[in-house]
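Everything on this sheet refers to the single structure shown next.
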Amino acid sequence: MKFTSLSSIMGQENTTHTFHIPVLGLGYSVDTPIKVSHFGISSVASIVDDEMIERMRKLHTLENGEKYVPIHSKETDFRSRRITEYLNLMDRIVNKNFETLRQESFREGSGIKRYFELLPDSAPLKGHYLKMLASSDAEEKLRIEQYLRDNMQKGAIDVNIMSKVDKLNRDVHGEMLPDEFSDASAALRGFANSGLTSSLVLSAGMNPRLYNYLENFKDFYPDANGQLRKKIILKVSDFRSAFIQAKFLAKKGIWVSEFRIESGLNCGGHAFATEGYLLGPILEEFKTRKQEMFEELFALCQSALLTKNVAINQKPGLKITVQGGIGTAEEDRFLLDHYQVDATGWGSPFLLVPEVTNVDDGTLKDLTEADHDDYYVSNSSPLGVLFNNFKRSSAEKQRLDRIAAGRPGSPCKKKYLVSNTEFTAEPICTASRQYQHLKIKQLEEMQPRPDDFEAQLSWITEKLCLCDGLSASALLKNNLLRQRENKAVSICPGPNLAWFSKIYSLDEMVGHIYGKVDLLSQVKRPNMFVNELNLYVDYYKKDVAMSAKMLNEKKKKYLQKFSDQLIAGIDYYKRLIPQFENQTESYRADMISQLKKVEMDLLACRLEMA
12 MKFTSLSSIM GQENTTHTFH IPVLGLGYSV DTPIKVSHFG ISSVASIVDD EMIERMRKLH
72 TLENGEKYVP IHSKETDFRS RRITEYLNLM DRIVNKNFET LRQESFREGS GIKRYFELLP
132 DSAPLKGHYL KMLASSDAEE KLRIEQYLRD NMQKGAIDVN IMSKVDKLNR DVHGEMLPDE
192 FSDASAALRG FANSGLTSSL VLSAGMNPRL YNYLENFKDF YPDANGQLRK KIILKVSDFR
252 SAFIQAKFLA KKGIWVSEFR IESGLNCGGH AFATEGYLLG PILEEFKTRK QEMFEELFAL
312 CQSALLTKNV AINQKPGLKI TVQGGIGTAE EDRFLLDHYQ VDATGWGSPF LLVPEVTNVD
372 DGTLKDLTEA DHDDYYVSNS SPLGVLFNNF KRSSAEKQRL DRIAAGRPGS PCKKKYLVSN
432 TEFTAEPICT ASRQYQHLKI KQLEEMQPRP DDFEAQLSWI TEKLCLCDGL SASALLKNNL
492 LRQRENKAVS ICPGPNLAWF SKIYSLDEMV GHIYGKVDLL SQVKRPNMFV NELNLYVDYY
552 KKDVAMSAKM LNEKKKKYLQ KFSDQLIAGI DYYKRLIPQF ENQTESYRAD MISQLKKVEM
612 DLLACRLEMA
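Position in the sequence shown (from 1) plus 11 gives the number in the working numbering.
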């Protein structure tokens, strides 16, 4: 299979908006594409929870006048088939909504007018739209209207797989199924077999089994015309891990079309803290080393594809995007301009936009009334990865109530996060009642009782059931929760959401991103880089405190390196501040003052450790 051009290997690119909506939990953005794609906005849906997805498929199938045919859990390959059918359904609905919108007249209040009003002023189509509005020539007006209709684009329906969520499964007779039926592999197959032309976002680090499985699907390779139907996006927190993962895939002929850089701690969901590497320096490294990385990846990919009889004669595109903690239009614009990223991701603020995400009324009310202390980085995830938690969530209240009643832990039904074999032959979840009962019993039988008994007990019982909790809100909002099912909601907003305190419309949030309105005009908020720095210093101080009694040489070197990186990051930001030309002089002065304060706090902590 040969072709002469790979300039369009990525497929038709969305050039309407400069931001996307990242994946939000399991259910919060599971049908967000249906709500925003026809307006040209790209978003990401999780394809982890096939049970919840099947219920959402039924809901949207019936709402759109189609016949719903259930896929039962006893059927062969039910997980991937559910995902495929749901993605195909979303594609049909988005296409229908988009075509309907395109045919509308440009009357006040119409969807097509809203489409163009939402666009940033920098979008080429926006200029034509404004010219059409200003024109008094009826013939010219009609000509521009047709041009606008012909050049409208849908937002992408992208999907996310968290690589670590990859349990092996058994068939109905209890026999172990082959690797391709593992949770992540089945989800990948569900996307690969769908009719979507979009991207698969892989997060939470490298899973060799899953990455190897990509080779089995032709849509991840260019076709005879040089087109890719399915693209790969890697969500990463540093340059080194991004490069390692991309090289692994390139050697298989799989091209990574985008690196989606996410702040290590100033983000929603699971938080993958770097060893003190801050977002600014990380973005700087991507900016300065992008071409080097591009050349090496292309050479590897080109060589691998030749072994598959595919010839690349032009270099494919490679995007760099960033997300995590962005709060103002000025920050958004600085990232686009200074670091030359291709787009930004705005996630947690959209939890306060009911027409876009699935947040139940009770949780929505709690989010609007929350203060900064309600958002915290926890050890709640059974994955053993830091997790951004919300103290006011009903799942957190339920967890505490169960502990008070002497029944810590949760019933484990979906089993997506089972991994522990400390007490059982079959893996179980550390948030389950079974595991916590066994672990607490082991702790209580220890003689002599550990000095940090209460701390260890708290660590055991801190784990939350995320399988149910991160889907519950979507089911509650859409009246899909069955009788006797757990109504407790887990939610994992980034700490940046603390600055937003109202319910917003899509138009308001998009207007805020592009600087048309300022939703935080009455809020005094530090720069996003300072916010992240504070989170890292807090993380460092907690680590120092926990290690104080057993500080071996290896840990001491780790903490030293961590703090050295933070100091280097602070120095970098001091040099960067003059570049914030879209901010006021007082803003830059405040940023310098905040950096000095954090630096003094960090140095004092280093002295205590020494």
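Note that CB positions come from ideal geometry on N, CA and C, so glycine has one too.
Because the structure is a prediction, the values reported are computed rather than measured.
Start and end residues, beta strand (DSSP E) containing residue i
i	result
Arg271	267 to 273
Thr332	330 to 334
Tyr387	386 to 389
Asp169	168 to 173
His31	30 to 32
Val247	241 to 247
Ala442	Run containing Ala442: none; DSSP gives neither H nor E here.
Exposed unless 16 or more other CB atoms sit within 10 angstroms - verdict on residue i
i	result
His49	buried
Glu473	buried
Asn431	buried
Leu211	buried
Pro81	exposed
Arg495	exposed
Phe30	buried
Ala149	exposed
Phe401	buried
Asp182	exposed
Tyr551	buried
Val521	buried
Asn162	exposed
Pro33	buried
Ile439	buried
Met557	exposed
Glu433	exposed
Sequence-distant residues of its chain with Cβ nearer than 6 Å to residue i (five each side left out)
i	result
Met217	Gln256
Gly287	Phe573, Gln576, Leu577
Thr15	Because the pLDDT at Thr15 is just 30, under 50, the model does not fix this residue reliably, and the value given afterwards should be weighed accordingly. The answer, listed in chain order, is Asn324.
Gly420	Ser443, Arg444, Gln447
Val352	Ile331, Thr332, Val333, Leu346
CA nearest to the CA of residue i, picked from the options
i	options	result
Glu128	Leu531, Leu159, Lys107	Leu159
Val548	Met611, Lys535, Asn593	Met611
Phe270	Leu308, Lys263, Ala284	Leu308
Arg418	Asn507, Ile471, Glu342	Ile471
His28	Ala322, Trp357, Leu316, Lys513	Trp357
Gln164	Val105, Ala198, Met187, Asp60	Val105
Val364	Leu375, Leu37, Thr355	Leu375
Gly166	Asn108, Ile514, Lys326, Val176	Asn108
Arg200	Asp230, Ala466, Ile272	Asp230
Ile243	Ile172, Arg220, Glu407	Ile172
Asp462	Phe228, Gln238, Lys560	Lys560
Leu397	Leu475, Gly373, Ala322, Asp382	Leu475
Ala198	Met187, Gly185, Lys175	Lys175
Leu329	Leu531, Pro459, Val267, Lys319	Val267
Arg599	Pro219, Asp385, Arg536, Ile272	Arg536
Leu179	Phe117, Val429, Thr318, Leu614	Val429
Leu606	Lys426, Leu508, Leu546	Leu546
Cys478	Thr43, Ser53, Met63, Lys326	Met63
Beta-carbon proximity list for residue i, same chain, < 7 Å, skipping 5 on both sides
i	result
Leu207	Leu98, Asp102, Ile168
Gln594	Glu341
Glu296	Phe250
Ser274	Leu290, Gly335, Gly336, Glu543
Asn75	Ile104
Ser19	Residue placement at Ser19 is flagged as unreliable, the pLDDT there being 35, under the threshold of 50; the coordinate-derived value follows with that caveat. Excluding positions up to five away in sequence, the list reads Gly237, Gln238.
Ala499	Ser405, Ala406, Gln409, Gly480, Ala483
Sequence-distant residues of its chain with Cβ nearer than 8 Å to residue i (five each side left out)
i	result
His83	Phe89
Gly291	Phe540, Gly580, Tyr583, Tyr584, Leu587
Gln1	Outside the modelled stretch of the chain, which goes from 12 to 621, sits residue 1, for which no answer is possible.
The alpha helix (DSSP H) enclosing residue i, as first and last residue numbers
i	result
Leu100	89 to 114
Ala466	464 to 472
Asn277	Taken as a continuous stretch (DSSP letters only), Asn277 belongs to no alpha helix (DSSP H), as it is neither H nor E.
Lys567	564 to 587
Leu546	539 to 558
Ser484	477 to 488
Ala198	194 to 203
Ser604	596 to 620
Ala406	405 to 415
Val521	517 to 524
Open item on the list: Report the start-end ranges of each beta strand (DSSP E) in the segment 288 to 354 that is 3 residues or longer and not cut off at the edges.
Closed with: 330 to 334
Task: Whole runs of the alpha helix (DSSP H) within the segment 138 to 191, excluding any shorter than 4 residues - done: 149 to 162
- [ ] Return the chain-ordered ranges of every alpha helix (DSSP H) run that is complete within the segment 205 to 234 and spans a minimum of 4 residues.
- [x] 219 to 224
TODO: Return the chain-ordered ranges of every alpha helix (DSSP H) run that is complete within the segment 360 to 402 and spans a minimum of 4 residues.
DONE: Complete alpha helix (DSSP H) runs here, min 4: 372 to 380.
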